[in-house]
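First the structure, in the form of structure tokens, and then the observations on it.
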Ligand code: ADP
Ligand code: MG
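Numbering (the working numbering), first residue to last: 402 to 637.
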């Protein structure tokens, strides 16, 4: 695998038994993601997007094929190693912000430091919350934040450990259009200014323009959208 590839999937499948049959969530998917890419994967509900991110994040194992992340074949290593990669190099953002309700916004952002044993300092956590526009909400609990604000906190939290890769699963799925676009601009800014690689999946094809690559999933298969031999989103 090329050194520049942060993610490399070779003929990866993930299947589930269903009665006497086997159902494929992902079928023979091959994908290379280079450092600095902002890949947007679109596809309908049930097309395999979440499964794809779970495999790359090491949250589930493939049924067949090779899944390499940061040069590590996830099948070859113990769960502990996968957890370490996840904690140190990957930031996750989910549709429902998954904040800990009993922690303030600030403490939620500091949380990843607990898992890496490299504390996220107060100043850094505040800086991240300022960046997502929540300078006045440090002490608020999720119940006291709007959906858009919760999404912002989870983005700030995903960045706390300065991850090299962000995996985002429908991060704007429950937001109004205006807030959705603001969130997407934040992803774009991190990608541009820090060179952080972003892999974002969504059912909304309109969001493809924020990335430099657009892939489409359909029934567990993936294909790259190209125009005149170049990835579509780059031309947008
Ligand atoms: P998406 O995120 O695009 O909506 P998913 O990756 O969640 O799609 O699911 C893809 C397909 O795999 C769906 O048909 C879903 O029902 C199936 N699937 C996902 N996870 C499981 C599971 N744990 N057990 C059985 N089937 C699953
Ligand atoms: Mg999903």
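Built from N, CA and C at the ideal position, the CB exists for glycine as well. As the structure is a computational prediction, the values presented were derived from the model and not from experiment.
Asked	Found
Output needed for residue 421: all residues of its chain with C-beta closer than 6 Å, excluding positions within five of it in sequence on either side, in chain order.	none
In its own chain, which residues sit with a C-beta less than 6 Å from the C-beta of residue 465, not counting the 5 before and 5 after it?	414
If you measure from each CB to the nearest heavy atom of ligand 4 and keep those under 5 Å, what residues do you get, in chain order?	The ligand content of the structure shown is limited to ligand 1 and ligand 2, which means ligand 4 is not among them.
Taking only heavy atoms of ligand 2 into account, decide whether any of them is closer than 7 Å to the Cβ of residue 508.	no
Hey, is residue 571 close to ligand 2, as in C-beta under 7 Å from one of its heavy atoms?	yes
Check whether the region 594-602 and the region 555-568 are in contact - that is, three or more C-beta pairs closer than 8 Å.	yes
What is the residue span of the alpha helix (DSSP H) that residue 559 lies within?	548-560
Sort out for me which residues DSSP pairs residue 497 with in a bridge.	In the DSSP output, where bridge partners are listed per residue, residue 497 has none listed.
Among the residues of its own chain, which have a CB less than 7 Å from the CB of residue 483, if the five just before and after it don't count?	459 and 475
If you follow the beta strand (DSSP E) that residue 509 is in, where does it begin and where does it stop?	Residue 509 -> not in any beta strand (DSSP E); alpha helix (DSSP H) instead, spanning 506-511.
Classify residue 480 as helix, strand or coil using the three-state DSSP reduction.	helix
Confirm, please, whether the CB-CB distance from residue 497 to residue 406 is below 8 Å.	no
Apart from the five residues just before and just after residue 520, which ones in its own chain have a Cβ nearer than 6 Å to its Cβ?	514
Could you compute how far the alpha carbon of residue 632 sits from the alpha carbon of residue 540?	43 Å
Since residue 598 is in the beta strand (DSSP E), which residue starts that stretch and which ends it?	598-603
To the nearest angstrom, how far is it from the Cα of residue 531 to the Cα of residue 609?	27 Å
From what residue to what residue does the alpha helix (DSSP H) around residue 593 run?	578-595
Touch check for the region 581-594 and the region 417-435: three-plus C-beta pairs under 8 Å?	no
From the DSSP output, which residues share a beta bridge with residue 570?	602
Could you give the residue range of the beta strand (DSSP E) that holds residue 433?	422-435
Span of the beta strand (DSSP E) holding residue 614?	614-619
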